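Q:
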Amino acid sequence: MKEELINAIKEDFEAKGYTLEVSVIEDPIVSNNAIEEGSIEANFIQHQAYMDNFNEENSGDLVPAGDSIYYTCFGLYSNKLKSVDEIGEGMKIGIPRDPTNRSRALRFLAAEGLITLKDGFEEYSQLEIEENKFNLELAEVDSESIPTILDDLDAGVCYPIAMQEAGLDPESALAYDPTEVGKEYGILIAVKEENKDAQWAKDLQESMGGEAAGAVIEDHLGSAAVHCSKY
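Position 171 (the sequence shown) corresponds to 942 in the working numbering; numbering is contiguous.
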């Protein structure tokens, strides 16, 4: 979907006097490093918390070009269960291994009453689980791979876009995390700090906020995502 989204705004953006080339880089760290090195000018793959973590761990200087373009709530997906109520003793739940999305997934599981987290933390790991109600096995894996290994899990927490890109139904979740959490993790256009006020960055932000981008998001993710034109 991401490549289609960029292609959808290509005409509008290039009408402003630019040439837009699309590079597909699956690994977000490689993509962020490409911005730092100057081989690409921007990417569209992450939320603010992920960007902050990348900057801290890699001495990066990435910043958002503007407000988030869309947000999507984490979904709890399963090929074996029909509802959250079916989750029981010792089941295996896949969660993202990167710190920011792992923390979000744990907050989601806590909101569903499956675990209890200790108070006083901004970011959570499994060390901050106070109670694991069903003694769940929480398997930390790459977020993008969770849809492809659902048969080996009882359930998995991932983004609807990961389901869509794996050829699965992004609207088939047993549950979604709360909308206010989704907004907190809106997807941004990332650029180097030196380019945050560049006219091309402002124009790219404007094009991504337009109707063409919104239509692609709605077509691919349906009710599982909300474009910025609607918030």
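Note that the Cβ used here is the ideal one computed from N, Cα and C, for glycine as well. Nothing here was measured: the structure is a model prediction, and the numbers come from that model.
With DSSP as the reference, please indicate the residues paired to Gln970 in a beta bridge.
A: According to DSSP, which records beta bridges pairwise, Gln970 is partnered with nothing at all.
Q: Could you name each continuous alpha helix (DSSP H) segment of 4 residues or more that falls completely within the segment 777 to 853, going from the start of the chain to the end?
A: 799 to 808 and 819 to 829
Q: I'd like to check one pair, Gly831 with Asn803: are the Cβ atoms closer than 8 Å?
A: yes
Q: Alpha carbon to alpha carbon, how far is Glu962 from Pro867?
A: Checking the sequence shown, residue 962 turns out to be Val, not Glu. One C-alpha to the other measures close to 25 Å.
Q: Taking the Cβ atom as the reference point for each residue, do Val987 and Leu791 lie within a distance shorter than 8 Å?
A: no
Q: When DSSP builds the beta bridges, which residues end up paired with Asn903?
A: For Asn903, which the question treats as bridged, DSSP gives the partners Ile886.
Q: Taking DSSP's pairing of strands, which residues face Leu959 in a bridge?
A: Gln817
Q: I need the straight-line Cα distance from Pro918 to Ala882, nearest angstrom please.
A: 22 Å
Q: Beta strand (DSSP E) containing Ile920: first to last residue?
A: Where Ile920 is concerned, there is no enclosing beta strand (DSSP E), given that its DSSP letter is neither H nor E.
Q: Between Glu797, Ala820 and Asp940, which lies nearest to Gly953 when the distance is taken from Cα to Cα?
A: The option with the nearest alpha carbon to Gly953 is Ala820.
Q: Short of 8 Å in beta carbon distance, which residues of its chain neighbour Asn756, apart from the five on each side in sequence? Order them along the chain.
A: The structure shown has nothing for residue 756, since the chain only spans 772 to 1002.
Q: With a cut-off of 8 Å, do at least 3 Cβ pairs link the segment 845 to 852 to the segment 929 to 949?
A: yes
Q: What are the boundary residues of the alpha helix (DSSP H) that Ile858 is part of?
A: Where Ile858 is concerned, there is no enclosing alpha helix (DSSP H), given that its DSSP letter is neither H nor E.
Q: Are Pro1036 and Glu893 close, meaning C-beta to C-beta below 8 Å?
A: In the structure as shown, the chain starts at 772 and stops at 1002, and residue 1036 therefore has no counterpart that could be examined.
Q: Tell me which residues share the same chain as Ala972 and place their Cβ nearer than 6 Å to its Cβ, disregarding the 5 neighbours each side in the sequence.
A: Ala836, Val962 and Asn966
Q: Compute the Euclidean distance between the alpha carbons of Val793 and Asn778, then round it to the nearest angstrom.
A: 8 Å
Q: Using CA coordinates, which residue listed in Met979, Ala995, Gln970 and Leu833 is at the minimum distance from Met934?
A: The residue from Met979, Ala995, Gln970 and Leu833 with its alpha-carbon nearest to that of Met934 is Ala995.
Q: On the CB-based measure, 16 or more other CB atoms within 10 Å of its CB, does Pro941 come out buried or exposed?
A: buried
Q: When you compare only the Cα positions, how much space is there between Leu939 and Lys773?
A: 16 Å
Q: Using CA atoms only, rank isn't needed, just tell me which of Ser854, Glu808 and Tyr842 is closest to Phe815.
A: Tyr842
Q: Applying the criterion that 16 or more other CB atoms from any shown protein chain within 10 Å of the CB defines a buried residue, is Glu857 buried or exposed?
A: exposed
Q: CB-CB under 7 Å to Leu885, same chain, minus the five flanking residues each way: which ones, in chain order?
A: Ile858, Lys904, Phe905 and Leu907
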